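The structure appears below as structure tokens.
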Ligand code: ZN
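Residue numbers (the working numbering): 3 to 134.
Written as structure tokens, this is what we have:
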């Protein structure tokens, strides 16, 4: 398993981690397999969406802010329930096929780390499984 660290700079933001993951896939020399991404965090998430037009992720973040606001009728005492709820909805892992030594992503797709309770230092776990 590979691990890489990222540093988030805002309370709520989307970071494109596609190139970092692609680097790890290429370094593995796996031609055909699966790349599993997992983040060991309860107030962040990982997703795949458009990385060409940055306004798409801005709209996603803004909509999450509106749907699951920072202040609400939450009972969790730490004050970051909104971040836990957003993370629970989006999820903490993704699987991506590897074919011909590269991740199989659509033309417009990128992998995003979503921070909901930053800024913080975060980690992304990458496990590459080769087809036998
Ligand atoms: Zn909490």
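Using N, Cα and C, we set each Cβ at its ideal position, and we do this for glycine too.
Just so you know, these numbers come straight off a predicted model, no measurement behind them.
Which whole-angstrom value is the C-beta distance of residue i and residue j, which I expect to be below 8 Å?
| i | j | result |
| --- | --- | --- |
| residue 15 | residue 128 | Wrong, their Cβ atoms sit about 21 Å apart, outside the cutoff. |
| residue 8 | residue 115 | 6 Å |
| residue 43 | residue 124 | 6 Å |
Candidates the options: which alpha carbon is nearest residue i's?
| i | options | result |
| --- | --- | --- |
| residue 49 | 94, 125 and 133 | 94 |
| residue 18 | 31, 126 and 79 | 126 |
| residue 109 | 37, 30 and 53 | 53 |
| residue 24 | 105, 132 and 131 | 105 |
| residue 107 | 133, 8 and 37 | 37 |
| residue 39 | 96, 121, 13 and 11 | 96 |
| residue 28 | 133, 103 and 111 | 103 |
| residue 2 | 59, 46, 74 and 33 | The question about residue 2 has no answer here: the residues shown for the chain are numbered 3 through 134. |
| residue 63 | 6, 122 and 13 | 13 |
| residue 66 | 55, 79 and 83 | 83 |
Taking 7 Å as the threshold (C-beta atoms), are residue j and residue i in contact?
| i | j | result |
| --- | --- | --- |
| residue 88 | residue 70 | yes |
| residue 118 | residue 90 | no |
| residue 35 | residue 98 | no |
| residue 30 | residue 131 | no |
Residue i: beta carbon under 6 Å from a heavy atom of the ligand ZN?
| i | result |
| --- | --- |
| residue 80 | yes |
Quickly, what does DSSP pair residue i with across the bridge? List them, please.
| i | result |
| --- | --- |
| residue 118 | Paired residues: none, contrary to the question. |
| residue 37 | 98 and 130 |
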